[in-house]
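This report refers to the structure that appears directly beneath it.
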Amino acid sequence: MNRFSLEVKVGLVVTATVALVILFLFLLGDYNPFSTTFRIYAVHNYVGGIELGSPVRVAGAKVGKVAAIRFFEAGHPFPGGPVSLSLEFLIDKRAKHLIRRDSKFFINFEGLIGGKYIEIVPGSPDSPELEDGAEVRGVDPPRLEQLLSQGFDIFERVADLLDQLGLDDREKLKAALSNLVTISEDLRVITGEVRGNISPMMADLRLTLHDAQPLLTQAQVVLRDLNNITSELGQVQPAQKREVKDKLNELLASVDSLTATIARLDRITAQLEQETQGLTRDQISRAIREILQQEGITVNVGKISGKPRYPPP
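Note that this note's numbering has the sequence shown beginning at 1, numbered continuously upward.
Next comes the structure, spelled out in structure tokens:
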């Protein structure tokens, strides 16, 4: 009986230990007995500090981890250029429909001092899904330390160049920088003035368009009337058409004559204004008679005789 009790106790301890290990792995995300996963391999030349267990996210949500890192020999061939290493991703199959041929695999940083993770950008619906075990080309992250090193190198070269400049060269450089500042200020003032002028111009344009709307309406009415007239003229007899044409010609001639008369009156008015400056009433009357006589018009007491000389057509 005691022997049986001891075996039961040992079995319970072992079972509890295994259960605790499974629970611990489940909480860490390394093992989930209720989900299925698939594998994808992304090749890179530089991974920027990615480690085993680094999270893999799709559209910002964690769906897996980096399960393995494998290094290639130098110059390992791959479409698009040789690569140095491969990252193995273990991803939840629930996100499989989002990972497609045109998906992008980035290495991102969780803030300035945070860890690194894999970010997968979902592909387009027209692109086929990636199969289990597919190998893709990942996007290499920028090498910040290399950029900083190049920046320091550039600053050192600029400092050396400034040290080599003479006094005259430094004065010229200061003058050039001062001119650049002046030009920038002038451009700012000019753009401000242009913006100030554009607003009134736009307001005038809107007002002009608003005023032109009635004219457009009237033009539409005139065009409609002309259309009706042409339709009616199409039913007129040839003799009547000739009569209408003659009347139109007479009307046009009258309009031309009236236009010429108005022009002559404008000239006479301008000449009168010029001739009558500083004159008395009698002098003005005499000047008017002379001007009218030059135009072929005789002024008598109570009536005007003579035929005006119209300009030749």
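Even for Gly, the Cβ is constructed at its ideal location relative to N, Cα and C.
Opening and closing residue of the beta strand (DSSP E) in which R57 lies: Along the sequence shown, one-based indexing puts residue 57 at 57. P55 to V58 is the span of the beta strand (DSSP E), which, as asked, contains R57.
Chain-order list of residues whose beta-carbon lies under 7 Å from that of A95 (same chain, five-residue window excluded): Counting from 1 along the sequence shown, the entry for residue 95 is found at position 95. Contacts found: V58 and V63.
Sufficient close CB pairs (3 or more, under 8 Å) joining the stretch 124 to 138 to the stretch 159 to 171: no
For F72 and D132, believed in contact at Cβ under 8 Å, the rounded distance: The residue labelled residue 132 in the question sits at position 132 within the sequence shown. The residue labelled residue 72 in the question sits at position 72 within the sequence shown. At roughly 21 Å, the Cβ-Cβ gap does not stay under 8 Å, so D132 and F72 are not in contact.
CA-to-CA distance, R188 to V181, given in whole angstroms: Looking up residue 181 in the sequence shown gives position 181. Looking up residue 188 in the sequence shown gives position 188. Taking the straight line from one Cα to the other gives about 11 Å.
Rounded distance between the beta-carbons of V83 and H44, thought under 8 Å: As a working mapping, residue 44 is identified with position 44 in the sequence shown. As a working mapping, residue 83 is identified with position 83 in the sequence shown. Rounded, the Cβ-Cβ distance is 6 Å, consistent with contact.
Collapsed DSSP secondary structure at I69 in the structure displayed: Counting from one through the sequence shown, the residue named residue 69 turns up at place 69. Note: I69 maps to strand in three-state DSSP.
Helix, strand or coil at T191 according to DSSP, with G and I counted as helix: To locate residue 191, count along the sequence shown from 1; it is residue 191. Three-state DSSP puts T191 in a helix.
Option nearest A68 by Cα separation, candidates G81, L223 and L85: In the sequence shown, residue 68 corresponds to position 68, counting from 1. The shortest C-alpha separation from A68 is found at L85.
Ranges of the beta strand (DSSP E) found wholly within the stretch 87 to 118, counting only runs of at least 3: 104 to 109
Three-way DSSP call (helix, strand, coil) for E135 in this model: Within the sequence shown, the letter at position 135 stands for residue 135. In the structure shown, E135 sits in a strand (DSSP, three-state: E or B).
Buried/exposed call for F89, threshold 16 Cβ in 10 Å: For the purposes of this step, residue 89 is taken as the residue at position 89 of the sequence shown. Burial call: buried.
CB contact flag (V123, I91, <8 Å): Within the sequence shown, the letter at position 123 stands for residue 123. Within the sequence shown, the letter at position 91 stands for residue 91. At residue 123 the sequence reads Gly, which differs from the Val that was named. Not closer than 8 Å, so no.
Sub-8 Å separation of I118 and F105 beta-carbons: For this step, residue 118 is matched to residue 118 along the sequence shown. For this step, residue 105 is matched to residue 105 along the sequence shown. A contact, by the Cβ cut-off of 8 Å.
DSSP three-state assignment for E51, whether helix, strand or coil: Taking the first residue of the sequence shown as position 1, residue 51 is located at position 51. In this structure, E51 counts as coil in the three-state DSSP scheme.
Buried versus exposed call for S305 [16 or more other C-beta atoms within 10 Å across all chains shown]: Along the sequence shown, read from residue 1 onward, the residue named residue 305 stands at position 305. In this predicted model, S305 has a pLDDT of only 46, less than 50, meaning its place in the structure is not dependable; the value taken from the coordinates is given anyway. Classification for S305: exposed.
Beta-carbon proximity list for G49, same chain, < 7 Å, skipping 5 on both sides: By 1-based counting over the sequence shown, the position of residue 49 is 49. Excluding residues within five positions, the ones whose Cβ falls inside 7 Å are K116.
Local conformation of T36 per DSSP, three classes: Residue mapping note: residue 36 aligns to position 36 of the sequence shown, counting from 1. T36 falls in the coil class under three-state DSSP.
Assigned secondary structure, V10 (DSSP; H/G/I helix, E/B strand, else coil): Counted from its first residue, the sequence shown places residue 10 at position 10. Here V10 sits in helix by DSSP.
Three-state secondary structure (DSSP) of G123: In the sequence shown, the residue the question calls residue 123 occupies position 123. Looking at G123 - three-state DSSP - the assignment turns out to be coil, as it is neither helix nor strand.
Other residues of its chain near G302: CB distance less than 8 Å, five sequence neighbours each side excluded: Residue mapping note: residue 302 aligns to position 302 of the sequence shown, counting from 1. Its pLDDT being 45, under 50, G302 is placed unreliably by the model, and the measurement read from it follows with that caveat. There are no such residues.
Backbone secondary structure at V301 - three-state DSSP: Your numbering for residue 301 matches position 301 in the sequence shown. With a pLDDT of 46 at V301, under the threshold of 50, the modelled position of this residue cannot be trusted; read the value that follows with caution. V301 falls in the coil class under three-state DSSP.
Alpha carbon of I107 to alpha carbon of A61, nearest angstrom: Locating residue 107 in the sequence shown gives position 107, counting from the first residue. Locating residue 61 in the sequence shown gives position 61, counting from the first residue. Between I107 and A61, the C-alpha separation is close to 14 Å.
Pairwise C-alpha distance: G75 and V18: Here residue 18 is taken as the residue at index 18 of the sequence shown, counted from 1. Here residue 75 is taken as the residue at index 75 of the sequence shown, counted from 1. If I take the Cα positions, the gap works out to 45 Å.
With 16 other Cβ atoms within 10 Å as the buried cut-off, status of K65: Within the sequence shown, residue 65 is the residue found at index 65, counting from 1. Buried is the call here.
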